[in-house]
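> Sharing a structure here in structure tokens format.
There are 4 protein chains.
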Amino acid sequence: MVALVGICGSMRKASLNRALLVAVGEALPAGSTLELVESLDLPIFNSDLGEPPAVTEIKRRIGAADGVVFAVPEYNYSIPGGLKNALDWLSRPPSQSPLRGKPVGMVGAASGMSGTIRAQTHLRNILVYSDAPCLLQPEVLIARAQDRFDAEGRLTDASTRTLLEKFCASLVAFVGRNKL
Amino acid sequence: MVALVGICGSMRKASLNRALLVAVGEALPAGSTLELVESLDLPIFNSDLGEPPAVTEIKRRIGAADGVVFAVPEYNYSIPGGLKNALDWLSRPPSQSPLRGKPVGMVGAASGMSGTIRAQTHLRNILVYSDAPCLLQPEVLIARAQDRFDAEGRLTDASTRTLLEKFCASLVAFVGRNKL
Amino acid sequence: MVALVGICGSMRKASLNRALLVAVGEALPAGSTLELVESLDLPIFNSDLGEPPAVTEIKRRIGAADGVVFAVPEYNYSIPGGLKNALDWLSRPPSQSPLRGKPVGMVGAASGMSGTIRAQTHLRNILVYSDAPCLLQPEVLIARAQDRFDAEGRLTDASTRTLLEKFCASLVAFVGRNKL
Amino acid sequence: MVALVGICGSMRKASLNRALLVAVGEALPAGSTLELVESLDLPIFNSDLGEPPAVTEIKRRIGAADGVVFAVPEYNYSIPGGLKNALDWLSRPPSQSPLRGKPVGMVGAASGMSGTIRAQTHLRNILVYSDAPCLLQPEVLIARAQDRFDAEGRLTDASTRTLLEKFCASLVAFVGRNKL
């Protein structure tokens with residue numbers, strides 16, 4: 099049983115990636131939990147500034163969790179600037195980053211065929227800096243995501259649900275094995 | 099002779115990457131110009147929102163320029179979230195992005211040995227989306243940058259100056275060849 | 099009008115990537131040509147050894163061409179080792195590499211959904227070393243390739259043909275603009 | 099205590115990466131072992147061919163080991179074609195790959211400043227396919243490697259030795275935690 103924090107890279111109200119993150123929470127084995135960070139609406143990172151209270155709060159939640167799940171839309175063949183900006187705040191100072199060594203899972207949904215392959219590749223590169231181990235397989239690369247959720251953002255596609263169950267089982271074992 | 103817009107990925111007042119961008123401007127052949135975008139202090143991109151006036155203004159400046167030069171610090175083995183966020187705004191809607199086909203050069207300064215290799219690799223990946231051709235060589239990967247500028251941010255290192263002159267000569271030819 | 103050399107990353111007789119490269123040749127505007135390198139069956143690169151005659155011959159052909167088109171299957175989320183090995187031979191010594199500054203186009207076919215996205219990203223990274231400019235868009239990422247060719251390897255899918263015609267028109271202009 | 103197989107990406111007799119791999123073996127805690135694969139001199143991968151006996155033997159050795167250490171020189175901003183070719187053979191068929199889930203460490207030596215950053219980034223991307231977890235930190239990126247070994251390939255640099263000891267301690271714990 100693990101306690102996870104979920105972070106969605108999209109700020110949109112009707113985000114399919116937030117819907118996917120909710121579906122991940124529903125696919126977790128009984129006893130494990132996923133609580134979502136509500137917003138990444140932070141100032142642009144600038145080391146001249148002090149840490150915003152919203153950053154301190156996200157740090158606290160990650161620090162208290164066993165692992166993190168990122169839902170990453172793909173913007174410009176990479177992760178959203180807003181998510182990268184949050185990571186820039188969260189990772190400073192490096193020695194006190196709550197991401198250091200924290201086990202991570204990632205999922206992504208896109209309207210096209212690539213299913214956020216490029217964004218997830220960048221996110222894996224980025225997390226090497228924080229020494230945060232990422233679950234490798236199964237990858238959750240959801241293509242044509244708009245066909246898999248209903249108007250309320252509920253997952254309706256059975257094959258996606260099966261994939262998420264497999265992902266969640268692997269993730270819980272992975273987080274357990276790599277817990278700090 | 100080309101007119102370039104410079105965009106610095108760091109928000110810090112004493113940014114060495116901004117100092118590097120200024121040094122690029124000084125190394126340009128006579129007749130070519132580099133004007134800096136002052137700030138990337140934008141809201142986090144959200145397609146539910148309208149375009150902020152500051153984005154419209156940066157779009158206008160890029161559209162009017164022959165090319166763009168990015169100075170990219172490396173945060174978390176990638177480009178800064180603030181720079182990525184600016185690109186997310188600038189690239190929408192894709193058909194009207196001022197980056198579409200716009201020739202690009204990039205430089206980066208870091209305190210360590212890697213000289214922003216990873217960040218520049220990501221930026222090249224990202225600009226494929228916008229069909230924006232990037233000068234490939236010479237790469238400007240400035241390691242131990244703090245030893246190459248004085249307290250006022252003036253470039254003091256002769257070998258870096260020589261590299262920038264070579265870079266600028268190549269960039270002006272590249273922008274000329276790829277001008278829209 | 100441009101003369102191109104085509105290099106297929108697969109050694110398989112019934113390679114869909116070779117079939118795709120043939121289809122690229124057929125989609126070129128009249129007057130432009132694409133001639134295929136028959137094989138990448140080379141020794142493993144070792145700078146202790148002298149250059150194999152087959153390498154010298156491929157170097158000669160690339161040197162004589164206006165540009166190169168690579169067809170890249172995806173093996174292990176990257177380009178095939180055989181193609182990478184050929185590039186390792188072709189690029190030495192760096193100052194005399196026939197790839198230096200040579201304009202490049204790339205295409206890729208895969209049986210799955212990703213259409214060789216990861217392999218093409220790596221190939222773009224790799225060619226930065228050789229200062230070889232790559233056409234960025236349109237990308238030719240052929241998913242479910244087995245459904246688009248007949249048993250003799252002839253392209254049967256109209257939408258793929260249309261994409262290849264757009265790719266070829268862009269490539270010919272790109273090679274013309276960047277010819278050495 | 100773990101038993102590791104070492105694979106060097108260079109075929110050169112006087113390879114600094116092989117010397118680095120030997121130094122890794124010497125930096126292992128007592129009781130742990132590193133045995134080197136002698137050569138990657140394999141035919142170019144072609145799924146039309148049967149598996150060469152040398153591939154079967156390397157598969158057997160990896161299967162019997164607790165983990166793998168790769169020493170990766172950087173050729174053309176990526177891993178050597180010969181190493182990639184070996185991985186292409188070793189990973190087929192995917193369900194029986196001895197790399198599947200096998201814990202991995204990587205090190206790299208280069209004469210320049212980048213210390214094989216780009217090659218190691220590609221290798222990490224590649225191993226996601228095989229679900230092979232890689233130790234993330236500390237990274238072993240040896241710049242100016244020629245200054246750190248003597249003419250017989252013995253490590254002479256104390257700071258590199260300290261780094262390797264830290265790497266080996268982390269690797270042994272990592273392999274233990276992720277052993278199949």
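Protein chains in written order, with my numbering: chain A, 99 to 278; chain R, 99 to 278; chain L, 99 to 278; chain D, 99 to 278. Built from N, CA and C at the ideal position, the CB exists for glycine as well.
1. By the criterion of Cβ-Cβ separation under 7 Å, what are the contact partners of R246 (chain A) in chain L?
2. Any beta carbon of chain A sitting closer than 9 Å to that of R190 (chain D)?
3. I need the straight-line Cα distance from S193 (chain R) to T219 (chain A), nearest angstrom please.
4. So, does the CB of V226 (chain L) fall closer than 9 Å to a CB anywhere in chain D?
5. Cβ-heavy atom distance between W187 (chain D) and the ligand MN below 8 Å?
6. Which runs of the alpha helix (DSSP H) spanning at least 4 residues fall entirely within the region 194 to 272 of chain A, listed in chain order?
7. Exposed or buried, which one is E172 (chain R) when buried takes at least 16 other CB atoms within 10 Å?
8. Starting from V122 (chain A), follow the alpha helix (DSSP H) in both directions and report where the run begins and ends.
9. Where do the N-terminal and C-terminal ends of the beta strand (DSSP E) with E133 (chain L) fall, by residue?
10. Can you tell me where the alpha helix (DSSP H) holding A152 (chain L) begins and where it ends?
11. Quick one: which chain D residues come within Cβ less than 9 Å of R222 (chain A)?
12. Under DSSP, the beta strand (DSSP E) around A101 (chain R) begins and ends at which residues?
13. With 9 Å set as the bound, which would you pick, yes or no: does the beta-carbon of R275 (chain L) sit closer than that to a beta-carbon of chain R?
14. Check each residue of the region 104 to 130 of chain R: if its Cβ is closer than 8 Å to any Cβ of chain D, include it; give the result in chain order.
15. Using beta-carbon positions only, say whether D139 (chain A) and P141 (chain R) come within less than 9 Å of one another.
16. Which value, in whole angstroms, describes the spacing of the CA atoms of L262 (chain A) and V122 (chain A)?
17. I need the DSSP call for G179 (chain A), collapsed to helix, strand or coil.
18. Could you list which residues in chain A have their beta carbon closer than 8 Å to that of P231 (chain D), in chain order?
19. Identify whether G148 (chain R) lies in helix, strand or coil by the three-state DSSP scheme.
20. So with CB distances below 8 Å, who are the chain D contacts of R216 (chain L)?
21. Could you tell me the distance, in whole angstroms, from the CA atom of V205 (chain L) to the CA atom of N115 (chain A)?
22. Hey, quick one: how far does the beta strand (DSSP E) through V166 (chain D) stretch, first residue to last?
23. In its own chain, which residues sit with a C-beta less than 8 Å from the C-beta of T154 (chain A), not counting the 5 before and 5 after it?
24. On the criterion of 16 or more Cβ atoms from any shown chain inside 10 Å, does R252 (chain L) qualify as buried, or is it exposed?
25. Kindly list, in the order they appear in chain A, the residues whose Cβ is closer than 8 Å to that of S193 (chain L).
26. Which whole-angstrom value describes the C-beta separation of N174 (chain D) and S189 (chain L), a residue pair presumed to lie in contact below a C-beta threshold of 8 Å?
27. Assuming P151 (chain L) and S108 (chain L) form a contact by the criterion Cβ under 8 Å, report the distance between their Cβ atoms to the nearest whole angstrom.
28. Going by C-alpha distance, which of D:F143, D:G165, D:A207 is nearest L269 (chain D)?
29. Leaving out the 5 sequence neighbours to the left and right, which residues in its chain are closer than 6 Å to S176 (chain R) when beta-carbon positions are compared?
30. Write down the C-beta distance between L134 (chain D) and G104 (chain D) rounded to the nearest angstrom, noting that I regard them as a contact closer than 8 Å.
31. Along chain L, in chain order, which residues have C-beta atoms closer than 9 Å to that of F143 (chain D)?
32. Taking just the CA atoms, how far does A249 (chain L) sit from F98 (chain D)?
Well, looking at it:
1. For this step, residue 246 (chain A) is matched to residue 148 along the first sequence. Those do not exist, as R246 (chain A) stays about 14 Å from chain L at its closest Cβ, beyond 7 Å.
2. Within the fourth sequence, residue 190 (chain D) is the residue found at index 92, counting from 1. No, R190 (chain D) lies away from the interface with chain A (no Cβ there is under 9 Å from its Cβ).
3. Indexing the second sequence from 1 puts residue 193 (chain R) at position 95. Indexing the first sequence from 1 puts residue 219 (chain A) at position 121. The alpha-carbon atoms of S193 (chain R) and T219 (chain A) are separated by roughly 26 Å.
4. In the third sequence, residue 226 (chain L) corresponds to position 128, counting from 1. It does; some Cβ of chain D falls within 9 Å.
5. The ligand MN is not part of the structure shown, which contains no ligands of any sort.
6. 215 to 227
7. Mapped onto the second sequence, residue 172 (chain R) falls at position 74. Buried, since its Cβ has 16 or more Cβ neighbours within 10 Å.
8. Start at 1 with the first residue of the first sequence, and residue 122 (chain A) comes out as number 24. Here the alpha helix (DSSP H) through V122 (chain A) covers 114 to 125.
9. Sequence index remark: in the third sequence, residue 133 (chain L) carries index 35 (1-based). Its beta strand (DSSP E) spans residues 131 to 134.
10. To locate residue 152 (chain L), count along the third sequence from 1; it is residue 54. Residues 151 to 162.
11. On the first sequence, residue 222 (chain A) is found 124 positions in, with the first residue counted as 1. In chain order: R222, N223, V226.
12. As a working mapping, residue 101 (chain R) is identified with position 3 in the second sequence. A101 (chain R) -> beta strand (DSSP E) spans 101 to 106.
13. Indexing the third sequence from 1 puts residue 275 (chain L) at position 177. For R275 (chain L), the answer is yes, since a Cβ of chain R falls inside 9 Å of its Cβ.
14. none
15. Working through the first sequence from its first residue, we reach residue 139 (chain A) at position 41. Working through the second sequence from its first residue, we reach residue 141 (chain R) at position 43. Cβ distance < 9 Å, so D139 (chain A) and P141 (chain R) count as in contact.
16. For the purposes of this step, residue 262 (chain A) is taken as the residue at position 164 of the first sequence. For the purposes of this step, residue 122 (chain A) is taken as the residue at position 24 of the first sequence. Distance between the alpha carbons of L262 (chain A) and V122 (chain A) is about 6 Å.
17. Residue numbering aside, residue 179 (chain A) sits at position 81 when the first sequence is read from its first letter. In this structure, G179 (chain A) counts as helix in the three-state DSSP scheme.
18. As a first step, residue 231 (chain D) is located in the fourth sequence; it is residue number 133 there, counting from the start. P231, L234, listed in chain order.
19. Looking up residue 148 (chain R) in the second sequence gives position 50. In the structure shown, G148 (chain R) sits in coil (DSSP, three-state: anything other than H, G, I, E or B).
20. Here residue 216 (chain L) refers to the residue found at position 118 when the third sequence is read from its first residue. Near R216 (chain L) (Cβ distances below 8 Å), the residues of chain D are N223.
21. If you number the third sequence from 1, residue 205 (chain L) lands on position 107. If you number the first sequence from 1, residue 115 (chain A) lands on position 17. Rounded to the nearest angstrom, the two C-alpha atoms are 30 Å apart.
22. Locating residue 166 (chain D) in the fourth sequence gives position 68, where the first residue counts as 1. Segment 165 to 169, the beta strand (DSSP E) holding V166 (chain D).
23. Numbered from 1 along the first sequence, position 56 holds the residue referred to as residue 154 (chain A). Hits under 8 Å: none found.
24. The residue you call residue 252 (chain L) lines up with position 154 of the third sequence. R252 (chain L) is exposed by the Cβ-count criterion.
25. As a position in the third sequence, residue 193 (chain L) is number 95, starting the count at 1. By Cβ distance, chain A contributes nothing, its closest Cβ being about 31 Å from S193 (chain L), past 8 Å.
26. Along the fourth sequence, one-based indexing puts residue 174 (chain D) at 76. Along the third sequence, one-based indexing puts residue 189 (chain L) at 91. Yes, N174 (chain D) and S189 (chain L) are in contact; Cβ-Cβ is about 6 Å, under 8 Å.
27. As a first step, residue 151 (chain L) must be located in the third sequence, where it is residue number 53. As a first step, residue 108 (chain L) must be located in the third sequence, where it is residue number 10. Actually they are not in contact, since the Cβ atoms of P151 (chain L) and S108 (chain L) sit about 23 Å apart, beyond 8 Å.
28. Residue numbering aside, residue 269 (chain D) sits at position 171 when the fourth sequence is read from its first letter. L269 (chain D) has its Cα closest to that of D:G165, out of D:F143, D:G165, D:A207.
29. Taking the first residue of the second sequence as position 1, residue 176 (chain R) is located at position 78. Hits under 6 Å: A217, H220.
30. Position 36 of the fourth sequence holds residue 134 (chain D). Position 6 of the fourth sequence holds residue 104 (chain D). Yes, L134 (chain D) and G104 (chain D) are in contact; Cβ-Cβ is about 4 Å, under 8 Å.
31. Against the fourth sequence, residue 143 (chain D) aligns to sequence position 45. Ordered by position in chain L, the residues that pass the 9 Å Cβ test against F143 (chain D) are M109, Y173, P178, G179, G180.
32. The requested residue 98 (chain D) does not occur in the structure, where chain D is confined to residues 99 to 278.
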